[in-house]
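Worksheet: one structure, shown below.
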Amino acid sequence: MRNHEITEYQNLLDKNGNVAEPGWSRKQFQRYRRKDIKAPAVRIKEWDYYLILNKDFGIALTMSDDGYLGLQSASFLKFTGKPFEHTETILTPFPMGKLKMPETSKEGNCFYKDKRLTLSYELVANTSGNGRKRHIICNFKNFYNGKPFKCDVWLDEPEMDSLVIATPWNKKHAFYYNQKINCMRASGEVQFNDKTYQFNPKTDFGTLDWGRGVWTYENTWYWGTCSCDLDGHSFGFNIGYGFGNTKAASENILFYDGVGHKIDDVMFVIPGDNGPNPLKEKGEEVKSGKRDKKRAIRYMDKWKYISSDGRFEMEFEPIIDRKAKIDLKLLCSDQHQVFGKMSGTAILDDGRKIELKDVLCSAEHIYNKF
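If you read the sequence shown in the numbering used here, its first letter stands for residue 23, the second for the next number, and so on.
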């Protein structure tokens, strides 16, 4: 049965280091334990990525241990006036567990510090007793024009549904365990280029992309996310495909007032792209992540989204293409994280139709070989 929901606590991996029960869940029922992984430490990937947006500006922060490479980065994005983005990244060789990334999103803090960057993710109990807060602090020296980038942001995470997916590859010991927590109301401030920007919890939200796993060498994936306020109601979605064998469950879900509404396949229709078609392949693993080197994908043209069940039909008008490309032959990364305005309809489980008009969202198309 497609979209198999996991509802009982269990270990993520079996004794052979493979996903014991592929599927999706609303919270982390499956226990990730680094010691259960059978692949070499150099292949293990662990990351926490925060994206915090409002209609005018946003920030993105990454803390990651990718085995043979650590990647810590910060981005500042401006969407109004003349759109603008700036990203700085610090690479460290062979961390292989030294960052001690937590094995669950519910407990433990993340911390990185060097001469240039201090990045801290701290979990704090919510004084109301409902859920927790996430405190994010970043101080990145010499970030832009010789000036630092700083942020001190709080995300409110009440008890609510998220999207957790346990996905195997058709290769032993390879797996993708990921949680997306949408619709966390954001407060706090950002300092960039001698200006201070404020987040307002009535209108502004953060998303956590929490991931642990062992990937295959070459992959292409698509991911889209949104969190917004609709007349006092929180609404968001997670959509995507391309990673592993998703026959057990898609990565697509809607969130409304903290409740998840699972949907089936959604296809990104990007002008000039001839990538996989999830509406036809129905969860089949993309057997080759190889790029079409002749492609001319027009990322700044309008995209469309088509769903297999008719519950997610959207258009996406890009504002910024945050792109980065590294090609060292054996190691390659071609990334396009596009920010823009989404318009269209989404349908909840009870048939209610949610209409979006020019809501700021993020969508990405990424090829990696590492």
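For glycine and all other residues, C-beta sits at the position ideal for the given N, C-alpha and C. Please read all numbers here as calculations on a predicted model, not as lab measurements.
Sequence-distant residues of its chain with Cβ nearer than 6 Å to residue i (five each side left out)
i	result
lysine 284	Asn25, Ile275
valine 41	Ala188, Pro190, Phe197
tyrosine 263	Tyr244, Pro300
threonine 218	Glu211
serine 355	Ile348, Asn390
alanine 346	Gln357
lysine 163	Arg138, Pro170
methionine 336	Tyr327, Met364, Gly366
glycine 311	Low confidence applies to glycine 311: its pLDDT is 49, below 50, so where it sits in the model is not reliable, and the reading given next is rough at best. Hits under 6 Å: Glu240, Asn241, Thr242.
isoleucine 159	Ser142, Asp174
methionine 23	With a pLDDT of 49 at methionine 23, under the threshold of 50, the predicted position of this residue should be treated as unreliable, though the coordinate-derived value follows. Correct list: empty, nothing qualifies.
aspartate 295	Ile319
Distance between beta carbons of residue j and residue i, contact taken as under 8 Å
i	j	result
tyrosine 166	phenylalanine 214	7 Å
leucine 230	isoleucine 203	4 Å
glycine 233	tryptophan 69	5 Å
proline 298	arginine 320	Rounded, the Cβ-Cβ distance is 18 Å, inconsistent with contact.
arginine 48	glycine 282	6 Å
Span of the alpha helix (DSSP H), counted from its first residue to its last, around residue i
i	result
proline 300	300-303
Beta-carbon gap between residue i and residue j smaller than 7 Å
i	j	result
lysine 138	leucine 145	What sits at residue 138 in the sequence shown is arginine, not lysine. No, they are not a contact pair.
histidine 195	glycine 92	no
glutamate 125	tyrosine 54	yes
arginine 333	isoleucine 376	no
leucine 34	tyrosine 199	yes
lysine 324	glutamate 303	no
leucine 177	methionine 206	yes
lysine 135	leucine 382	no
methionine 118	glycine 89	yes
glutamate 107	arginine 344	yes
alanine 63	valine 236	no
glycine 258	serine 249	yes
isoleucine 342	phenylalanine 361	yes
glutamine 201	serine 150	no
Residue i: first and last residue of the uninterrupted beta strand (DSSP E) it sits in
i	result
glutamate 68	66-75
asparagine 200	197-214
aspartate 235	This sequence places glycine at residue 235; aspartate is not what is there. Its beta strand (DSSP E) spans residues 227-236.
asparagine 131	Where asparagine 131 is concerned, there is no enclosing beta strand (DSSP E), given that its DSSP letter is neither H nor E.
valine 41	Unbroken run through valine 41: none, as it is neither H nor E.
methionine 85	79-87
leucine 352	Looking at the DSSP string, leucine 352 is not in any beta strand (DSSP E), and its letter there is neither H nor E.
aspartate 174	169-179
glycine 262	255-263
glutamine 50	Looking at the DSSP string, glutamine 50 is not in any beta strand (DSSP E), and its letter there is neither H nor E.
leucine 382	375-391
tyrosine 219	217-221
leucine 113	106-115
Own chain partners of residue i with C-beta closer than 7 Å, once the 5 adjacent residues on each side are dropped
i	result
lysine 379	Ser365
threonine 394	Here the chain has residues from 23 to 392 only, and residue 394 is not among them.
glutamate 30	Phe51
glutamate 27	Gly45, Trp46, Ser47
Own chain partners of residue i with C-beta closer than 8 Å, once the 5 adjacent residues on each side are dropped
i	result
glutamine 32	Ala42, Glu43, Phe51, Gln52, Arg53
aspartate 58	Asn33, Leu34, Leu35, Gly39
valine 291	Trp325, Lys326, Tyr327, Ile328
query: Are the segment 178-188 and the segment 96-110 in contact at 8 Å, needing three or more beta carbon pairs?
result: Contact fails: fewer than three Cβ-Cβ distances are below 8 Å.
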